[in-house]
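The working numbering puts the sequence shown at residues 4 to 277. Ideal placement from N, C-alpha and C gives every residue a C-beta, glycine not left out. As the structure is a computational prediction, the values presented were derived from the model and not from experiment.
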Amino acid sequence: MSYDDAYQRNIGLFTPDQQERLRRAKITVAGVGGAGGIQAATLARFGVGEIALIDPGTFDLPDMNRQFGARCSSLRMNKAVATASLLEDINPFMKVTHSTDPLLNGESLRSFVEGSALVIDAIDYLGFRTKALFARTARELGILNLSAALSDFGTLFVIFDPAGMTLEEFFGAPKAPDLMDRFRIHPGRLVGSRERGQNMWKFADGSLPYIPTCSGAGALSGAVLATEAALIIAGIRKPEDLITAPRAVVYDMLGRSVKIINPSEEWALETVRQ
């Protein structure tokens, strides 16, 4: 069994040299629940050479409807530990490391992230202070930060360029860390489907403790983010062609639409026609 044999079906979409870039790449994934787990698994199947996982949480029964690593056998297990085992089974050529720390120490986080070709923020919106710390670390290291959060029957995909708009600016958050614990994201920046828009308002005002979503949204999130990450690492997606914050891409399977938006300027700026 060899790496080249395992990923031969990628060749034609990627050249051997581009596949080698994937094999040599490290990606850090913060949060391996509904979004990060399937994103990491999809990247493993692309043939990425190293993935570092961070998640202090454990799998619970409500995770079963959408989270890649949530199985009867993994309930009450740490998410990073359980997902790491699955990834090693998917891609035996890949180095998988994991951390169960809650990312409170900036220096240890920086050490964990260093060397990454890019990072993936799949941290829950309710943990905004942690999201901001992770985003700042990527920015300081000059690394692209990708996110494709689950939203209703779709996903909101955004790339933060280290030289561009910050996470705090994108979501309209305060810069002071002590104010972030009380910060609630405006529903217009969460961007769910128009048909289910009330869910975002309820989440934003605290009357709904979660954003309703499903396994289809998780699968879409994994496909969208992992493919874009692979294209970036392989050098197929050029820096000048990236759609970065303040713009984002909304994939809505209920509305059968793909839109490039600027959440700070209400809804769609332009529609992607297929």
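Asked	Found
Continuous alpha helix (DSSP H) stretch holding Lys82: start and end	Lys82 to Ile93
Euclidean distance between Cα positions of Ala226 and Ile123	13 Å
Rounded C-alpha distance that separates Leu153 from Val32	15 Å
Range of the contiguous alpha helix (DSSP H) that encloses Lys134	Phe131 to Glu143
Alpha-carbon to alpha-carbon, Trp204 and Asp104	31 Å
Candidates Pro95, Gln70 and Phe62, of which the one nearest Met4 by Cα	Pro95
7 Å CB neighbourhood of Val134 in its chain, flanking five on each side removed	One point to set straight first is that residue 134 is Lys, not Val, in the sequence displayed. Excluding positions up to five away in sequence, the list reads Asp124, Ile126 and Leu170.
Helix, strand or coil at Ser218 according to DSSP, with G and I counted as helix	helix
Short Cβ contact (7 Å threshold) for Ala220 with Gly157	yes
Contact test: Gly167 Cβ vs the ligand SAH heavy atom, cutoff 6 Å	Absent from the structure shown: the ligand SAH. Ligands present: none.
Inter-residue CB distance, Leu228 and Leu149 (contact presumed, cutoff 8 Å)	6 Å
Endpoints, the alpha helix (DSSP H) within which Leu159 is located	Taken as a continuous stretch (DSSP letters only), Leu159 belongs to no alpha helix (DSSP H), being part of the beta strand (DSSP E) at Gly157 to Phe163.
Where Thr230 falls: helix, strand or coil (DSSP)	helix
Three CB pairs or more closer than 8 Å across the stretch 236-247 and the stretch 11-31	yes
Gly258 versus Thr216 - alpha carbon distance	15 Å
Backbone secondary structure at Ser260 - three-state DSSP	strand
Bounding residues of the alpha helix (DSSP H) (the contiguous stretch that carries Tyr6)	Tyr6 to Ala9
Inter-residue CB distance, Ala55 and Ala151 (contact presumed, cutoff 8 Å)	At roughly 18 Å, the Cβ-Cβ gap does not stay under 8 Å, so Ala55 and Ala151 are not in contact.
Whole-angstrom C-beta distance between Leu46 and Ala3, which should lie under 8 Å	Nothing about residue 3 can be reported from this structure: the residues present for the chain run from 4 to 277 only.
Beta-carbon proximity of Ala28 to Ala120, cut-off 7 Å	yes
Environment of Ile14 [buried if 16+ CB atoms lie within 10 Å]	exposed
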